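Numbering of the sequence shown is given in this note's numbering, commencing with residue 1 and proceeding in unit increments. Before any comments, here is the structure.
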Amino acid sequence: MIYKRSSELFANAKKVIPGGVNSPVRAFKAVGGDPIFIKKAKGAYIYDEDGNKYIDYINSWGPLILGHAHKPVVDAVIEKAKNGTSFGTPTEIETKIAELAVEMVPNIDKIRMVNSGTEACMSAVRLARGFTGKEKIIKFAGCYHGHSDSFLIQAGSGAMTFGTPNSPGVTQGTAKDTLLASYNDLENVKQLIENNRDQIACIIIEPVAGNMGCVPPKKGFLEGLRRLCNETGILLIFDEVMTGFRLAAGGVQERLGVNADIICFGKVIGGGLPVGAFAARKEIMDYLAPIGPVYQAGTLSGNPLAMAAGLAMLTELHKNPKIFESIDKKTEYLHQGIEKALKKNQVPHTINREGSMISVHFSEEPVTDFDSSAKAALNGIFNKFFHGMLEHGIYIAPSAFETWFISEALSYKDLDKTISAVGKVAKLL
Ligand SMILES: *Cc1c(COP(=O)(O)O)cnc(C)c1O
């Protein structure tokens, strides 16, 4: 494939945009080479500036569960735009999408809209702190909750009690309030709670992790967190920015039957426009301004175009609940196909999957937390795999730590093409 125009556009972009991208994951830094500039997309396919076509497994990093340029979503945005793009006043459509979200998601009474998943998680933690009057939070290594300061904390040795910032600009003062736990390790969480008695506002977690590859919770892990929170008055926050309206209409709460106190949304809820949201039962949400003391705001929050896209998306999912079954089946088919192709070519691998989230790791060790995911990513095979797949017209995320997002627009023919590409690329690994 020729990527000439993409490379030229990237060279221009680098002069005026840091690293040439507006979000680091878009650069091909981890896998090498220049990123591909996309010109347009439809259904399961994206087309780059050189005219190459790819089957897309990123789907804008999750939002496009029904594929690109889905007609009801595009039509809703176009219609809405004709009447103005933003008013800074309440609009009826905000209540419509809130009503639908509250109907689809178990265990929530009220929801507030923001503009990104980052904002949703940041606001959820502030609300938890305000509501409980406690300052510390527990997060898990390998879980991503957006780029706000409290979350950019990672494990270093001895970081069992106090996290250390993993980005300059995050202060020690912020870092000391973020306690770091290991995913799927309930004992670890118990220990942290005991060592910080009566100081912890919330535990925030990706209930099915998707930012260290796909790492599902072990049986009993989420239930254990729920029990610990019940015993201590700590609030449990499910960051469902990735899993919400994807793993089920009601997200992980519905799929795995564990309730959280606050739920964060993003990605699918915006139908491909910039939207995030957080939701909880009434007494927690009523702690927010203007009726409660916890301040949270946004000039463009609940923006009519974003709400039109989100409402059209949620309406489609609500009307056709079979979509969730259908994408789960497609993902299972892909899983089995890839497994067979890698086995046949004796490529060591572990495939993790939950619903329509799947990740391929080039190691035989189980991937159950950040350490095992990082270990599996260090053998360098992924980069060859990524570029090989790209050459065959299959676009997966340019990082060994990312989940593949399956969309309903993918046909079984697309999946077969993908599996056959894996077989060809596996020969070169
Ligand atoms: C993507 C993501 C975020 C951040 O959302 P943005 O819209 O990129 O700010 C937060 N949490 C999880 C689990 C995510 O996958």
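All C-beta atoms, glycine included, are put in the ideal place defined by N, C-alpha and C. None of these values were measured; they are calculated from a predicted model.
Taking non-hydrogen atoms of ligand 1 into account, the C-beta of Lys267 is found less than 7 Å away from one of them. Annotated three-state conformation of Ala201 is strand, per DSSP.
Excluding sequence positions up to five before and after Lys282, its CB lies within less than 7 Å of the CB of Asp109 and Lys110, all in the same chain and listed in chain order. With a cutoff of 8 Å on beta-carbon distance, Ile406 and Thr331 are scored as near each other.
Judged by DSSP in its simplified three-state form, Ser363 adopts coil rather than helix or strand. Pairing Gly20 with Ala13 gives a Cβ-Cβ distance under 8 Å.
In the structure shown, Phe278 adopts extended strand secondary structure according to DSSP, grouped into three states. Contact check for Cys264 against Ile237 passes: the beta carbons are separated by less than 8 Å. Ala41: member of the beta strand (DSSP E) spanning Ile38 to Lys42, first to last residue. Using a C-beta cut-off of 8 Å, the segment 165 to 177 makes no contact with the segment 368 to 385, since fewer than three inter-stretch Cβ pairs fall below that distance.
Taking Ala248 as reference, the option from Gly233, His318 and Lys218 with the minimal CA-CA separation is His318. Under a 10 Å Cβ-count criterion, Asn52 is classified as buried, with 16 or more other Cβ atoms of the shown protein chains found around its own Cβ. DSSP places Thr174 in the helix class (H, G or I) of the three-state scheme. With fewer than 16 other CB atoms across the displayed protein chains lying within 10 angstroms of its CB, Met1 is exposed.
The shortest C-alpha to C-alpha distance from Leu225 to any of Thr243, Gly84 and Glu206 is the one to Glu206.
A distance criterion of 7 Å places the beta-carbon of Ser116 in contact range of ligand 1, judged by its closest non-hydrogen atom.
Annotation: the continuous alpha helix (DSSP H) that includes Phe131 extends over Gly117 to Thr132. A straight-line Cα-Cα distance of about 28 Å links Arg26 and Gln336.
For Ile406, no beta strand (DSSP E) encloses it, and the DSSP letter there is neither H nor E.
Here Tyr295 is exposed. Its C-beta has fewer than 16 other C-beta atoms within 10 Å.
Contact between Ala376 and Phe362 holds: their C-beta atoms lie close to 6 Å from each other, under 8 Å. About 10 Å separates the CB atoms of Gly270 and Val241; that is not less than 8 Å, and the two are not in contact.
Between Ala201 and Thr132, the C-beta gap is smaller than 8 Å, which places the two residues in contact.
Within the chosen limit of 7 Å, ligand 1 does not reach the beta carbon of Asn59 with any heavy atom. Between Phe28 and Pro293 the beta-carbon gap is near 46 Å, outside 8 Å, which marks them as no contact.
Judged by pairs of C-beta atoms under 8 Å, the segment 303 to 312 touches the segment 80 to 91, as three or more such pairs exist. For Gly251, the shortest C-beta to heavy atom distance toward ligand 1 is 7 Å or greater. About 17 Å separates the Cβ atoms of Phe151 and Lys134, ruling out a contact at the 8 Å cut-off. Not a single heavy atom of ligand 1 lies less than 7 Å from the C-beta of Cys229. Here Pro165 is buried, its C-beta having at least 16 other C-beta atoms within 10 Å.
Judged by beta-carbon spacing, Ile204 lies within the 8 Å limit of Val125, meaning their Cβ atoms are closer than that value. Ranked by Cα distance from Ile358, the options Lys218, Gly244 and Val208 are led by Val208. Restricted to the segment 205 to 269, the beta strand (DSSP E) segments that are unbroken, complete and at least 3 residues in length are 235 to 239 and 262 to 265, listed in chain order. Following the DSSP letters along the chain, one finds Arg112 inside the beta strand (DSSP E) bounded by residues Lys110 to Val114. Short note on Val241: C-beta closer than 7 Å to some heavy atom of ligand 1.
Per DSSP, Lys343 is one residue of the alpha helix (DSSP H) stretching across Lys322 to Lys344.
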